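Heads up: the structure comes next, in structure tokens.
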Amino acid sequence: MPFHFALAPSGFKESLSARQAAEAMAAGVRRVAPEATLDLIPLVDGGEGTAEALALATGGRLVHRAATGPVGEPVPTHFALLGTSGTLGTRPTAVVEMAAVAGLSLVPADRRDPGATTTYGVGELIRAALETGVRRVIVGCGDSGTSDGGAGALQALGARLLDADGAELPPGGAALARLDRIDPSGLDPRLAQTELLAACNPFNVLCGPSGVAGVFGPQKGATPAQVRTLTAALERWATVLARDLSHSRAAVDLRTGPGTGASGGLGAGLAALGTRLLPRFEVLLDHLDLDARLSRADLVLTAEGSLDRQTARGKVPAEVARRAKGFGKPVLALAGTLGEGADETRATGIDAYRSILPAPLALSDALALAPRHLADATEHAVRMVLLGTRLPVRRQLTGAGSVGE
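The opening residue of the sequence shown carries number 25 in the numbering used here; numbering runs sequentially from there.
Printed below as a string of structure tokens:
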């Protein structure tokens, strides 16, 4: 009987969408096991590809727009209107993917200053979604190029962020250090009649020792001095948000509540509007019937751009492994890079892992060649697995005191 493989990767940031990753893995499997049954399950975590994936899964469609990008210039972007199939399509729902308008991939390498980038376009997309008549908006949080606490999004939705002189703050998280008060009188009134959900990583918090500025700021280009500036600015942001926006009094702790640090603190800004911050996999994966599909597999393969200590903190491979282990399924993970703490992912249920890189490469080359390397690495890994299935099984005979086949 042919083997049944479940291919359940996330996207590779700035390189492969989840669907492209699944297709590359499938190409690798087919080279060595053409008779195998393949179940491609591209998974999204709120980051790049989320809107497209959910539109496809529910029979919906993408709506294309131009909006303000993270460096303040217009970018082509989109949001999704979900269809009627799948659990997310049971009521008129839009999905705004923050990465599609404020993601790191939209920030040129020479302009990566997380103290200056903005989520203004996220708010513009939410308003565009409301104009279609939906009254439920899911915001996918992930792959951000911003650290403004969602300040830009709130400004686009009508809030005024004012300094001590009553002047409007410029874009970016660093400016929040000068925030004196928030005027919410201009907020879009449709928000009050709309169910707002944010699919986010609950491990990410806005402030404190594990605050988003220190954990993710360096990945977005922040120097140590900028991290300190952003840390103080986001502390100020949390204080004023809680004081001036009425919803925040009944919401989560905006400093350290689960998910408040999602997408450079966008979670906190949205929570202050009354948005429910939900674990991303609770919102995004169940419509895929993921558990049933993993249960049918002989081997589960997952993948992501970097396998490291952060993987266990709410990343796709860890979630896939956790669910697969409930059915006793072996799990193999592939990654663009292996970082510090990669071995700790075994505790999540990942049985084995490997990098897809055949040799040290410049980052630009690694990104450009990712489809080829992922296909090759999948082929090699499956070839080794199939070799292992041909080895004689040696087990301890009960009570015999000897080993036999």
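No residue lacks a Cβ here, since even glycine has one placed at the ideal position from N, Cα and C.
Predicted model, so just to flag it, every value in this text is computed and none were measured.
{"Item": "The region 222-231 / the region 320-338 touching (three or more Cβ pairs under 8 angstroms)", "Value": "yes"}
{"Item": "Pairwise C-alpha distance: residue 62 and residue 425", "Value": "Here residue 425 scores only 41 on pLDDT, less than 50, and its place in the model should not be relied on; the value that follows carries that caveat. Each residue's alpha carbon lies about 42 angstroms from the other."}
{"Item": "Sequence-distant residues of its chain with Cβ nearer than 6 angstroms to residue 363 (five each side left out)", "Value": "330, 332"}
{"Item": "Cβ contact check for the region 194-211 and the region 316-325: 3 or more pairs under 8 angstroms", "Value": "no"}
{"Item": "7 angstroms Cβ cutoff met for residue 68 and residue 42", "Value": "yes"}
{"Item": "Length at least 3, wholly inside the region 281-344: the beta strand (DSSP E) runs in chain order", "Value": "300-303, 323-331"}
{"Item": "Exposed unless 16 or more other CB atoms sit within 10 angstroms - verdict on residue 348", "Value": "buried"}
{"Item": "Rounded separation between residue 313 and residue 81 - CA only", "Value": "11 angstroms"}
{"Item": "Residue 88, buried or exposed, once every other Cβ within 10 Å from all chains shown has been counted against 16", "Value": "exposed"}
{"Item": "Simplified DSSP state of residue 27, which is helix, strand or coil", "Value": "coil"}
{"Item": "Residue 290 burial status per 10 Å Cβ neighbour count (16 or more: buried)", "Value": "buried"}
{"Item": "Of the residues 268, 96, 105, the one placed nearest residue 115, counting alpha carbons only", "Value": "105"}
{"Item": "Exposure label - residue 416; buried when at least 16 CB within 10 Å", "Value": "exposed"}
{"Item": "Whole-angstrom distance between residue 400 and residue 33, CA atom to CA atom", "Value": "15 angstroms"}
{"Item": "For residue 356: DSSP bridge partner residues", "Value": "325, 376"}
{"Item": "Residue 52, DSSP secondary structure in three states", "Value": "helix"}
{"Item": "Contacts around residue 153, its chain only, beta-carbon distance under 7 angstroms, and the 5 residues preceding and following it disregarded", "Value": "103, 118, 120, 161"}
{"Item": "Burial state of residue 412, where buried means 16 or more other Cβ atoms lie within 10 Å", "Value": "exposed"}
{"Item": "Per-residue DSSP class, three states only, for residue 92", "Value": "strand"}
{"Item": "Alpha-carbon spacing of residue 133 relative to residue 243, whole angstroms", "Value": "12 angstroms"}
{"Item": "Cβ-heavy atom distance, residue 248 to the ligand ZN, below 6 angstroms", "Value": "Among the ligands in the structure shown, none appear at all, so the ligand ZN cannot be discussed."}
{"Item": "Cβ neighbour criterion (16 or more within 10 Å) applied to residue 408", "Value": "exposed"}
{"Item": "Inter-residue Cα distance where the pair is residue 294 and residue 146", "Value": "11 angstroms"}
{"Item": "Extent of the continuous alpha helix (DSSP H) to which residue 65 belongs", "Value": "From DSSP, residue 65 is part of no alpha helix (DSSP H); its letter is neither H nor E."}
{"Item": "Residue of 189, 241, 302 minimising C-alpha distance to residue 219", "Value": "302"}
{"Item": "For residue 215: DSSP bridge partner residues", "Value": "Bridge partners of residue 215: none, in fact."}
{"Item": "Reduced DSSP category for residue 259 - H, G, I as helix; E, B as strand; rest coil", "Value": "helix"}
{"Item": "Simplified DSSP assignment, three categories, for residue 166", "Value": "coil"}
{"Item": "Residue 156 classed as buried or exposed, judged by whether at least 16 other C-beta atoms fall within 10 angstroms", "Value": "exposed"}
{"Item": "Proximity below 7 angstroms, CB of residue 359 to CB of residue 379", "Value": "yes"}
{"Item": "Integer Cβ distance of residue 143 from residue 177, believed to fall under 8 angstroms", "Value": "4 angstroms"}
{"Item": "Closest residue to residue 230 among 253, 208, 196, 282 (Cα-Cα distance)", "Value": "282"}
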